[in-house]
Amino acid sequence: MAKQYETVIGLEVHVELATKTKIFCSCSTAFGGAPNSHTCPVCTGMPGALPVLNKQVVEYAVAIGLAINCTIARESKFDRKNYFYPDNPQNYQISQLYLPIARDGYVEIETGGRRKKIRIHEMHMEEDAGKLVHDEWDDTSLVDYNRSGVPLVEIVSEPDMRSAEEVIAYLETLRTIIQYLGASDCKLQEGSMRADVNLSVREAGTDKFGTRTEMKNLNSFKAITRAIEAERLRQIELLEEGKLVIQETRRWDDNKETSRAMRSKEDARDYRYFPDPDLVPVVIDDVWLERIKADQPEFRSEKLARYKEEFDIPMSDAEIITSSKRMADIFEETAGLCGNPKKAANWLMVETMRLLKEHDMEPEDIAFSPAGLAKLIGLADAGIINSSVAKDVFEKVFTEDIDPEQYVEERGLRTVSDEDALRRVIAKVIEDTPHAVSDYRGGKEKALGALIGRTMKAMEGKADPALVGKILKDML
Amino acid sequence: MADRISDETIEYIGILSKLELDGSEKEAAKADMEKMIAYIDRLNELDTEGIEPMPHVFPIYNAFRSDEVENGDESVRTLANAPVQKEGSFVVPKTIG
Numbered sequence: 000m001a002k003q004y005e006t007v008i009g010l011e012v013h014v015e016l017a018t019k020t021k022i023f024c025s026c027s028t029a030f031g032g033a034p035n036s037h038t039c040p041v042c043t044g045m046p047g048a049l050p051v052l053n054k055q056v057v058e059y060a061v062a063i064g065l066a067i068n069c070t071i072a073r074e075s076k077f078d079r080k081n082y083f084y085p086d087n088p089q090n091y092q093i094s095q096l097y098l099p100i101a102r103d104g105y106v107e108i109e110t111g112g113r114r115k116k117i118r119i120h121e122m123h124m125e126e127d128a129g130k131l132v133h134d135e136w137d138d139t140s141l142v143d144y145n146r147s148g149v150p151l152v153e154i155v156s157e158p159d160m161r162s163a164e165e166v167i168a169y170l171e172t173l174r175t176i177i178q179y180l181g182a183s184d185c186k187l188q189e190g191s192m193r194a195d196v197n198l199s200v201r202e203a204g205t206d207k208f209g210t211r212t213e214m215k216n217l218n219s220f221k222a223i224t225r226a227i228e229a230e231r232l233r234q235i236e237l238l239e240e241g242k243l244v245i246q247e248t249r250r251w252d253d254n255k256e257t258s259r260a261m262r263s264k265e266d267a268r269d270y271r272y273f274p275d276p277d278l279v280p281v282v283i284d285d286v287w288l289e290r291i292k293a294d295q296p297e298f299r300s301e302k303l304a305r306y307k308e309e310f311d312i313p314m315s316d317a318e319i320i321t322s323s324k325r326m327a328d329i330f331e332e333t334a335g336l337c338g339n340p341k342k343a344a345n346w347l348m349v350e351t352m353r354l355l356k357e358h359d360m361e362p363e364d365i366a367f368s369p370a371g372l373a374k375l376i377g378l379a380d381a382g383i384i385n386s387s388v389a390k391d392v393f394e395k396v397f398t399e400d401i402d403p404e405q406y407v408e409e410r411g412l413r414t415v416s417d418e419d420a421l422r423r424v425i426a427k428v429i430e431d432t433p434h435a436v437s438d439y440r441g442g443k444e445k446a447l448g449a450l451i452g453r454t455m456k457a458m459e460g461k462a463d464p465a466l467v468g469k470i471l472k473d474m475l
Numbered sequence: 000m001a002d003r004i005s006d007e008t009i010e011y012i013g014i015l016s017k018l019e020l021d022g023s024e025k026e027a028a029k030a031d032m033e034k035m036i037a038y039i040d041r042l043n044e045l046d047t048e049g050i051e052p053m054p055h056v057f058p059i060y061n062a063f064r065s066d067e068v069e070n071g072d073e074s075v076r077t078l079a080n081a082p083v084q085k086e087g088s089f090v091v092p093k094t095i096g
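Residue numbers (numbering that gives the first Met the number 0), protein chains in the order written: chain A, 0 to 475; chain B, 0 to 96.
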């Protein structure tokens, strides 16, 4: 019988913090500026430039550290990690090795109904590197230092995960926590959340870890899942052939669905860390720590428990709504304004989700105001507009954040409930469509639908189809 | 004091530094580094018995700036340092990354 193997995975997750400025200088962190337009002597490593720590980075880092149940270091400091690469203009990255800001935490994940704690080894603050773009035309690389000095936290887990499913659950949990804090948007595709996967395999039942590899360049949950499966199989195959797994860094190519070992020159692991003499220690006293604790938001698990108590909505809806802080905020405000949590949840679950997909957007990108949705629900509930008009108006709320009440008035979208007016239109429809009328009178119930459709069209959608049906039956 | 820096060490530091050194450059670097190490070795003459290590040499902490954008577009000044530039970027030899 073939041997059974267990996969052992630990993660290093980098998260770009949502500060306005870089970690050590007053340059903007805005995404998408012209190359090198957000640079200065500090973030391009000019000799003599003096880095000064952005206080907001510490605020976010401590908030994240607390949320992932870490012990916050009361005294923390920065070190230089030395390596030579064109994306790193100082020839060292300012990071934390000896006294990182947070240690010994955990997050709880759930896979297949089973809960599990994934331990966090440590979390430190550091700066991001610049961006290299390969120029195909003249076979050179172009360097843009706009990202150089953007603040990051790196969250290092213990090797506690055993499958791709657990890895994804861990990343989703981290992402939700950090988004709830507003500390980052955590977009894998845009690189504001990046995960390196450390993976080894061992025979099931053994305690000793196998030799691990580190996989880089994983830009989506799908890529992570594929890379884990491929690396697991590659290592098992080596062991089955009696070969050894080499400890190395491998770069995943998601198009080819394989990884290759990075050259040893790229993988020089001797970083010769030493304390950064330009940056003074960070001391977090009780007052500061207690203030950040008091400011922590209600996290997802707490929200879910409260929704269960407060709102009469399905748990599956509550889970989707609370998966995004933005969505949960909109839900709560809308429900409060319109007094109808069920309807608020329904508009988010159906129409909002559909439009997000159609516009290729994430829930965090939702731009409409809860007041707009609440007003729309009010209009529909009062029968002032019918459900199909409501859907059209909602699209306008979603894309342009219009005021639905004003919009309905200006466009004259109110449902006509004046029976006399409706009867006049219906009389004209009956006159214009004699065959449908005779079909209906001949016993074809379906013909009524066609007549309702014609009336709705003549009314430009501004009628209650049920009322139209009732009048039609009456008139025929 | 001599031969503290072996040929292998120079070779290794060259790799870490992405430098290609020829024979005479290696010898010169070796001599320089040995001098530096000898100089730093003088620190070992100090008696540090019973002294707590310090995280930083100055007794100050928490020097922060507030999170406000103060720098404008400095790309022209930044790029003035580029030996070669193209499309607002520094041009470097082809780098996989």
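Using N, Cα and C, we set each Cβ at its ideal position, and we do this for glycine too.
Predicted, not measured: the structure shown is a model, and the values here were computed from it.
Item	Value
Any chain B beta carbon closer than 8 Å to T18(A)	yes
CA nearest to the CA of I376(A), picked from P362(A), F393(A), G442(A)	F393(A)
Those runs of the beta strand (DSSP E) which lie wholly inside the segment 359–440 of chain A and span at least 3 residues	none
C-beta atoms of E40(A) and N145(A) nearer than 8 Å	It should be pointed out that residue 40(A) corresponds to Pro in this sequence rather than to Glu. Not a contact, by the Cβ cut-off of 8 Å.
Neighbouring residues, chain A, relative to G87(B) (Cβ below 8 Å)	A33, P34, N35, S36, D143
Residues of the segment 0–18 of chain B with Cβ closer than 7 Å to any Cβ of chain A, in chain order	I14, L15, S16, K17
Separation of A17(A) from G181(A), as counted between CA atoms	7 Å
Delimiting residues of the beta strand (DSSP E) encompassing G468(A)	G468(A) -> not in any beta strand (DSSP E); alpha helix (DSSP H) instead, spanning 464–474.
Residues of its chain near G129(A), where Cβ-Cβ distance is below 8 Å and the 5 sequence neighbours each way are ignored	P85, D86, N87, P88, V142, D143, Y144, N145, R146, S147
Endpoints, beta strand (DSSP E) assigned at Y91(A)	91–94
Residues of its chain near A222(A), where Cβ-Cβ distance is below 7 Å and the 5 sequence neighbours each way are ignored	W251, D253
T414(A) vs L372(A) beta-carbon contact at 8 Å	no
Check whether L151(A) and V14(A) have beta carbons under 8 Å apart	yes
Meets three-Cβ-pair contact criterion under 8 Å: the segment 358–371 of chain A and the segment 441–455 of chain A	no
Minimum length 3: unbroken beta strand (DSSP E) runs contained in the segment 206–283 of chain A	212–215, 248–252, 257–260
Residues, ordered as in the chain, of the segment 47–76 of chain B that lie near chain A by beta-carbon distance below 8 Å	P54, H55, V56, F57, I59, Y60, N61, A62, F63, R64, S65, D66, E67, V68, E69, N70, D72, E73, S74
Bridge-paired residues (DSSP) for T94(B)	Note: T94(B) sits in no beta bridge, so no partner.
Candidates C185(A), P403(A), I283(A), M160(A), of which the one nearest I100(A) by Cα	I283(A)
H123(A) at chain B interface by Cβ criterion, 8 Å	no
Proximity test, Cβ basis, 8 Å: E74(A) and chain B	yes
Under the three-state DSSP convention, the category R3(B) falls into	coil
Cut-off 8 Å between Cβ atoms - residues of its own chain near M122(A), not counting five sequence neighbours on either side	A60, I63, G64, I67, C69, P99, I100, A101, R102, G104, V152, E153, I154, V155
Residue ranges of each beta strand (DSSP E) within the segment 25–109 of chain A, 3 or longer	78–81, 91–94
Length of the line joining the Cα atoms of N53(A) and E73(B)	20 Å
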